[in-house]
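**Student:**
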Amino acid sequence: MPRMEIFARTEIGCVRGRNEDTFVVLDLTTGVTGVPGPNNTRTIDPPGTLVAVLDGMGGAAAGDVASAMAADGLVHAAKSTPIAQPGDAERMLLAAVTEANQAIASFTKKHPDKRGMGTTMTAALAMASNLVVVQVGDSRAYLRRGRVLQQLTMDQNVVGQMVAAGKLKPEEARHYKQRNVLLEAIGVQERVGPDIVHARIRAGDVLLLCSDGLTGPLDDRKILDIMLKHEDLVACCRALTEAACAHGGPDNVTVAMARFSGDDLGQPEGLEPIWFERRPAVA
Numbered sequence: 116m117p118r119m120e121i122f123a124r125t126e127i128g129c130v131r132g133r134n135e136d137t138f139v140v141l142d143l144t145t146g147v148t149g150v151p152g153p154n155n156t157r158t159i160d161p162p163g164t165l166v167a168v169l170d171g172m173g174g175a176a177a178g179d180v181a182s183a184m185a186a187d188g189l190v191h192a193a194k195s196t197p198i199a200q201p202g203d204a205e206r207m208l209l210a211a212v213t214e215a216n217q218a219i220a221s222f223t224k225k226h227p228d229k230r231g232m233g234t235t236m237t238a239a240l241a242m243a244s245n246l247v248v249v250q251v252g253d254s255r256a257y258l259r260r261g262r263v264l265q266q267l268t269m270d271q272n273v274v275g276q277m278v279a280a281g282k283l284k285p286e287e288a289r290h291y292k293q294r295n296v297l298l299e300a301i302g303v304q305e306r307v308g309p310d311i312v313h314a315r316i317r318a319g320d321v322l323l324l325c326s327d328g329l330t331g332p333l334d335d336r337k338i339l340d341i342m343l344k345h346e347d348l349v350a351c352c353r354a355l356t357e358a359a360c361a362h363g364g365p366d367n368v369t370v371a372m373a374r375f376s377g378d379d380l381g382q383p384e385g386l387e388p389i390w391f392e393r394r395p396a397v398a
C-alpha cells in the first residue's frame, strides 16, 4: 500500500513585517486538513493527499489575504471534485486556480485599496504512484531520489523564461535584477496560464514544495545537502527555513515535504532517473 509521511513549516524571515505565505495539507480520504503529528503517515490511494505552498504578494495590498483566499479555493475544489485518476486530479487543480483567480478578482473590485494583491500557487496531489502538480508563479516543486534533486516546475518569471530559453545560466539567474518579476500570478489578471506537471513516484522519493523565500537565499546544492543531512522531515523543514534565515532571510519562507513509501510504488532500478513531463495549460 503506497503511503506518505508529510510535514510543512512557514517562517516570516528576517526582513518582512508579516508572513504572506501559507501552505495546505489535505487528506482527501478523510477530509482532514493540517499537518499530522511527527512520523504520522497516511495512505495515498485515490483520491490521495494534497499539499500546496502559496506565496502572497502585494504588501499593503494584502498578499496574506490573497494566499489565504487561494488556499481556501484549492481546498474547496479538492473536496468537491471526485478524483479517481490523474486526469481528474489535473482538472481539479486547474479548476482550483480558476476559482481562486475569480475570488480574488471579485474581492479587489469590492475593495479597491487591495488592488494589486495576488499569490503564487504550487500544489501537488499524490495518488498511488502518480504525482500531479499545478504551478502558477515561482514557488517550486522538487522531487529528490537518492542524491539527485530534480526541479519539476519552471519559474514563471522573467529569469525562469530566460533560463529555459538558454539566454541565462541558472547561477546567473540568482543575481539577475528582474528575478522576482512574475509573468503569471493568481488574482492579477483575467486569465491565468498555469503549468501542469505529471511525475512518477518511487518508494523513498521525497517531495519538496517551497516559496522563493527558500530558493532565493539557497541554491539547489545547499538545499540538497540539508535534505541529505536531515532524513527526519520535521528536522529537515526546520533546518531549511533556518538556513534561509541564516542567509539573510529576505522573504517569508515556506516549505512542505513528503516522503513516499510502500512496496506498491516499486524501488528505483539502479540510477533510474525521475520521470516527469511539464506542459502549459489555461485556467
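Numbering (this note's numbering), first residue to last: 116 to 398.
For glycine and all other residues, C-beta sits at the position ideal for the given N, C-alpha and C.
Please read all numbers here as calculations on a predicted model, not as lab measurements.
1. Could you tell me the distance, in whole angstroms, from the CA atom of residue 159 to the CA atom of residue 271?
2. In chain order, what residues of the same chain have a beta carbon less than 7 angstroms from the beta carbon of residue 345, not counting five sequence neighbours either side?
3. Measuring straight from C-alpha to C-alpha, what distance separates residue 133 and residue 201?
4. Find the nearest neighbour of residue 258 within the set 361, 389, 309, judged by alpha-carbon distance.
5. Can you tell me whether residue 137 is helix, strand or coil according to DSSP?
6. Could you check the C-alpha separation between residue 217 and residue 303 for me, to the nearest Å?
7. So the candidates are 332, 374, 349, 265; which of them puts its Cα closest to the Cα of residue 360?
8. In chain order, what residues of the same chain have a beta carbon less than 6 angstroms from the beta carbon of residue 117, not counting five sequence neighbours either side?
9. Determine the closest residue to residue 369 out of 143, 166, 156, with distance taken between C-alpha atoms.
10. DSSP three-state label for residue 398, please.
11. Are the Cβ atoms of residue 327 and residue 228 separated by less than 8 angstroms?
12. May I ask which residues mark the beginning and end of the alpha helix (DSSP H) holding residue 313?
13. Check for me: the alpha helix (DSSP H) holding residue 202 runs from which residue to which?
14. Mapping DSSP to helix, strand and coil, what is residue 331?
15. Under the assumption that residue 171 contacts residue 179 (Cβ atoms under 8 angstroms), give the Cβ distance between them as a whole number of angstroms.
16. Quick check on DSSP: helix, strand or coil for residue 159?
17. Nearest to residue 141 by alpha carbon, out of 260, 306, 301, 238?
18. Do you know how far the Cα of residue 231 is from the Cα of residue 281?
19. With a threshold of 16 other CB atoms inside 10 Å of the CB of residue 296, please say whether the residue is buried or exposed.
20. Can you tell me which residues form a DSSP beta bridge with residue 142?
21. Can you list, in chain order, the residues of its chain with a C-beta nearer than 6 angstroms to that of residue 186? Leave out the 5 residues immediately preceding and following it.
22. Going by other Cβ atoms of all chains shown within 10 Å of its Cβ, with 16 needed for buried, is residue 334 buried or exposed?
**Tutor:** Considering the structure as presented:
1. When rounded, the distance between both Cα atoms is 29 angstroms.
2. Hits under 7 angstroms: 351, 354.
3. About 36 angstroms.
4. The shortest Cα separation from residue 258 among 361, 389, 309 belongs to 389.
5. Reduced to three states, the DSSP call for residue 137 is strand.
6. Annotation: residue 217 to residue 303 spans about 10 angstroms, alpha carbon to alpha carbon.
7. Of the candidates 332, 374, 349, 265, the one whose C-alpha sits nearest the C-alpha of residue 360 is 332.
8. Hits under 6 angstroms: 159, 243, 377, 379, 380.
9. For the residues 143, 166, 156, the minimum Cα distance to residue 369 belongs to 166.
10. Here residue 398 sits in coil by DSSP.
11. No, Cβ-Cβ distance for residue 327 and residue 228 is not below 8 angstroms.
12. No alpha helix (DSSP H) holds residue 313; the beta strand (DSSP E) holding it covers 310-315.
13. In this chain, the alpha helix (DSSP H) harbouring residue 202 covers 201-225.
14. It is coil, neither helix nor strand.
15. Taking the Cβ atoms as the reference, residue 171 lies roughly 5 angstroms from residue 179, within the contact range of under 8 angstroms.
16. Three-state DSSP puts residue 159 in coil, outside helix and strand.
17. That would be 238, whose Cα lies nearest to the Cα of residue 141.
18. Taking the straight line joining both Cα atoms gives about 31 angstroms.
19. With fewer than 16 other Cβ atoms from the protein chains shown falling within 10 Å of its own Cβ, residue 296 counts as exposed.
20. Beta-bridge pairing by DSSP links residue 142 to 147, 164.
21. 137, 139, 169, listed in sequence order.
22. Exposed, since its Cβ has fewer than 16 Cβ neighbours within 10 Å.
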